[in-house]
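Each residue of the sequence shown is one higher than the one before, counting from 2 in the UniProt record's numbering.
We put the CB at the ideal spot given by N, CA and C, even for glycine.
It should be emphasised that the depicted structure is a prediction, and the values quoted were computed from it without experimental measurement.
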Amino acid sequence: SEKAFVMIKPDGVERGLVGDILSRFEKKGLRLIKAELKRISKETAEEHYGHLKAKPFFGELVDYITSGPVFAMIVEGEAAVRNARSLIGPTNPAEAAPGTIRGDYGTGVERNVIHGSDSPENASQEIERFFN
Ligand code: ATP
Ligand code: MG
């Protein structure tokens, strides 16, 4: 089976959504194998979002993700990366259907509650980066 890296962002933690979100992964058959509530450094945030460095919102994105603790986790199961992305829904909550995490809770593209890795290769990298 496959591993995915998933991270509840500071808005999700602050709003008390960790339990509900974790439960959705568990019900889908994605088992929690590691988790940590922690604040991430600016360096880690800049590396994690390195592919967006040229975007005008990059600075705000780094400020947001470092603004409070995140709940970082590794989940494991059949097609974990794709299954996690489908539970999460599209980047913009306005385009995310009700029933998805971002569709139910996201308040805007810059406050979209959760991150999920987008490929098995990136999942391995992110697991290294956040849990080394
Ligand atoms: P994530 O990587 O967080 O799971 P994603 O893969 O759906 O999200 P990416 O394109 O990787 O989307 O963007 C990473 C994050 O950057 C988004 O989740 C969002 O928080 C932020 N972001 C993306 N586009 C915008 C935008 N137009 N304005 C503000 N923030 C944005
Ligand atoms: Mg992404």
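Residue range F59 to I66 is occupied by the alpha helix (DSSP H) that includes V63. Within the same chain, and ignoring the five residues on either side of N133 in sequence, no residue has its Cβ closer than 6 Å to its Cβ.
DSSP, reduced to helix, strand and coil, places L88 within a helical segment of the structure shown.
In this structure F26 touches L33 by the C-beta definition: roughly 7 Å separates them, less than 8 Å. Within 8 Å of the C-beta of D21 there is not a single heavy atom belonging to the ligand MG. Taking a C-beta distance under 9 Å as the contact criterion, A124 and A36 do not qualify as a contact pair.
Taking every protein chain shown into account, the CB of F131 has 16 or more other CB atoms within 10 angstroms, so this residue is buried.
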